[in-house]
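According to our numbering, the sequence shown is numbered sequentially starting from 29.
Okay, structure first, notes after.
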Amino acid sequence: MPEKKSAKRTAPARADRPFRGIALILASTVFLGASDVTAKYLSATLPSIEIAWIRFVVFALIMSPAMLPGSPLFALHSQRPGFQLMRGVALLGSSLFFISGLRFLPIAEASATGFVSPLFVTALSIVFLGERVGARRWIATALGLIGVLVILRPGSGAFHPAAFFPIVSALAWACTLVMTRMMSGKEHALTTMTYSSIAGVGVLCVLVPFVWVAPSWHDILFGIVIGVASTAGQWIVVLAFRYADASVLAPFSYTQLLWVSILGFVIFGEVPDIWTVTGAVFIVGSGLYTAHRERIRRSQLLALDGELSPNP
29 MPEKKSAKRT APARADRPFR GIALILASTV FLGASDVTAK YLSATLPSIE
79 IAWIRFVVFA LIMSPAMLPG SPLFALHSQR PGFQLMRGVA LLGSSLFFIS
129 GLRFLPIAEA SATGFVSPLF VTALSIVFLG ERVGARRWIA TALGLIGVLV
179 ILRPGSGAFH PAAFFPIVSA LAWACTLVMT RMMSGKEHAL TTMTYSSIAG
229 VGVLCVLVPF VWVAPSWHDI LFGIVIGVAS TAGQWIVVLA FRYADASVLA
279 PFSYTQLLWV SILGFVIFGE VPDIWTVTGA VFIVGSGLYT AHRERIRRSQ
329 LLALDGELSP NP
């Protein structure tokens with residue numbers, strides 16, 4: 029009797045192709061930057077929850093073929109469905125808190141603060157990935173936090189309480205990245221994206237009636253732009269992790285700061301002040317050094333594995 033072909037969608041094996049991963053992460057920053065700028069534009073007329081809801085509805089519509097049993101793209105078979113939904117909630121939290129901050133903050137300031145996520149990844153990796161973090165990486169983390177303080181300037185007249193929103197967003201995004209790393213090579217990218225869209229829509233459909241404002245066709249159009257751009261960006265990020273480690277990709281993700289600064293100036297006339305630029309230098313420098321130490325650590329582990337292997 030011939031074996032019945034499994035309907036499960038298996039995850040492609042991870043491949044060590046760093047240049048492909050870098051190219052993908054650079055492409056993702058263009059889409060994610062455009063999504064953020066459009067979200068700030070919409071925040072002048074719609075509540076943050078409603079903007080996020082439109083974004084995730086579009087996200088879910090794009091992923092709907094993967095939700096239909098019998099479809100060649102069906103991707104709801106997962107070894108860890110609960111974990112997938114948790115990742116989706118973390119992604120939603122990152123999006124929702126960041127959009128909430130955009131209503132009150134210049135986009136360059138919000139984006140620079142949000143890039144503190146690699147520092148959270150460092151801390152979370154100890155707990156969830158069992159990694160050991162040395163003194164140098166903790167010093168880099170401390171320098172990144174100093175950069176955040178430079179941007180926020182707590183206690184000064186320039187401080188706005190909404191500045192905490194991008195920090196919470198960064199923490200949620202770090203949780204998303206760590207969970208992505210934990211599932212990379214085990215779950216198909218299509219499965220991960222599908223569960224994320226389901227989790228986001230499910231939560232937001234409960235929240236949006238409490239803040240609903242009737243959107244104009246103009247608002248709906250830009251909401252669709254946000255949904256398409258952010259979905260494309262997230263998809264590309266998941267694919268990038270298949271070809272390169274986070275330590276390799278992290279430095280190139282900072283190019284998103286360049287895109288949002290340019291678009292923020294062109295569309296909103298926002299020019300980053302010296303505090304934002306200085307703080308961003310600290311944060312980016314910290315992230316680059318953390319990525320450098322991660323590459324060294326990985327090289328050492330690979331060398332050790334080679335020494336222990338009976339078939340070098």
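Heads up, the beta-carbon is just placed ideally off N, CA and C, and yes, glycines get one too.
Remember, predicted model here, so these are calculated numbers, not experimental data.
Endpoints, the alpha helix (DSSP H) within which residue i is located
i: Asp247; result: 245 to 271
i: Leu133; result: Leu133 -> no alpha helix (DSSP H), and no H or E assigned at all.
i: Arg48; result: 46 to 70
i: Met210; result: 192 to 211
i: Ser153; result: 145 to 156
i: Ser224; result: 217 to 235
i: Met91; result: 76 to 91
i: Phe296; result: 283 to 296
i: Leu171; result: 163 to 180
Identity of the residue in the options nearest residue i by Cα
i: Ala94; options: Ser244, Trp287, Ile295, Ser225; result: Ser225
i: Phe341; options: Leu130, Gln112, Gly129, Thr283; result: Any question about residue 341 goes unanswered here, given that the chain covers just 29 to 340.
i: Val305; options: Gln112, His105, Ser139, Arg108; result: Ser139
i: Trp245; options: Asp64, Thr57, Pro46, Leu70; result: Leu70
i: Val85; options: Phe126, Met211, Thr222; result: Thr222
i: Leu286; options: Met91, Glu137, Pro100; result: Glu137
i: Leu177; options: Gly162, Pro194, Ala163; result: Pro194
i: Met211; options: Gly255, Ile167, Leu96, Leu113; result: Leu113
i: Ile174; options: Phe310, His320, Leu316, Pro279; result: Phe310
i: Ile264; options: Thr220, Trp303, Val253; result: Thr220
i: Val253; options: Ala191, Gly129, Ile90, Arg48; result: Ile90
i: His105; options: Ile302, Lys214, Leu316, Asp301; result: Lys214
i: Phe192; options: Ser92, Arg48, Val144; result: Val144
i: Leu316; options: Pro146, Ser92, Leu96, Arg48; result: Pro146
Classification of residue i by the beta-carbon crowding that lies within 10 angstroms, buried from 16 upward
i: Val239; result: exposed
i: Lys68; result: buried
i: Ala103; result: buried
i: Gln107; result: exposed
i: Ser337; result: A caution first: Ser337 carries a pLDDT of 39, below 50, which makes its placement in the model too unreliable to give a value.
i: Arg56; result: According to the sequence provided, residue 56 is Ser. The question's Arg does not apply to it. Flag for Ser56 reads buried.
i: Ile53; result: buried
i: Ser99; result: exposed
i: Leu199; result: buried
i: Ala170; result: exposed
i: Lys32; result: Residue placement at Lys32 is flagged as unreliable, the pLDDT there being 43, under the threshold of 50; a coordinate-derived value is accordingly withheld.
i: Ser153; result: buried
i: Ala168; result: buried
i: Gly162; result: exposed
i: Pro340; result: Per-residue confidence for Pro340 stands at a pLDDT of 40, beneath the threshold of 50, marking its modelled position as unreliable; the derived number appears in the next sentence. Result: exposed.
i: Val294; result: exposed
Whether residue i touches residue j by CB criterion (8 Å)
i: Ser123; j: Arg165; result: no
i: Arg131; j: Ser76; result: yes
i: Ser314; j: Gly172; result: yes
i: Ala257; j: Ala118; result: no
i: Pro79; j: Gly251; result: It is worth fixing the name first, because residue 79 is Ile in this sequence and not Pro. Yes; because the gap between Cβ atoms is below 8 Å, this pair is in contact.
i: Gly110; j: Gly228; result: no
i: Pro243; j: Leu133; result: no
i: Phe87; j: Thr259; result: yes
i: Val276; j: Ile50; result: yes
i: Val234; j: Trp81; result: no
i: Ala278; j: Pro46; result: no
i: Ala190; j: Gly129; result: yes
Assumed close pair residue i, residue j - CB separation to whole angstroms, cut-off 8 Å
i: Gly307; j: Ile179; result: 3 Å
i: Val266; j: Val65; result: At roughly 22 Å, the Cβ-Cβ gap does not stay under 8 Å, so Val266 and Val65 are not in contact.
i: Phe156; j: Val206; result: 5 Å
i: Thr150; j: Thr318; result: 6 Å
i: Leu120; j: Val231; result: 6 Å
i: Phe280; j: Ala202; result: Actually they are not in contact, since the Cβ atoms of Phe280 and Ala202 sit about 17 Å apart, beyond 8 Å.
i: Leu101; j: Leu218; result: 7 Å
Interface flag, residue i vs chain D, CB-CB below 8 Å
i: Ile82; result: Absent from the structure: chain D. Only one protein chain is present.
Distance cut-off 7 Å: residue i Cβ against heavy atoms of the ligand ZN
i: Ala260; result: The ligand ZN is not part of this structure, which contains no ligands at all.
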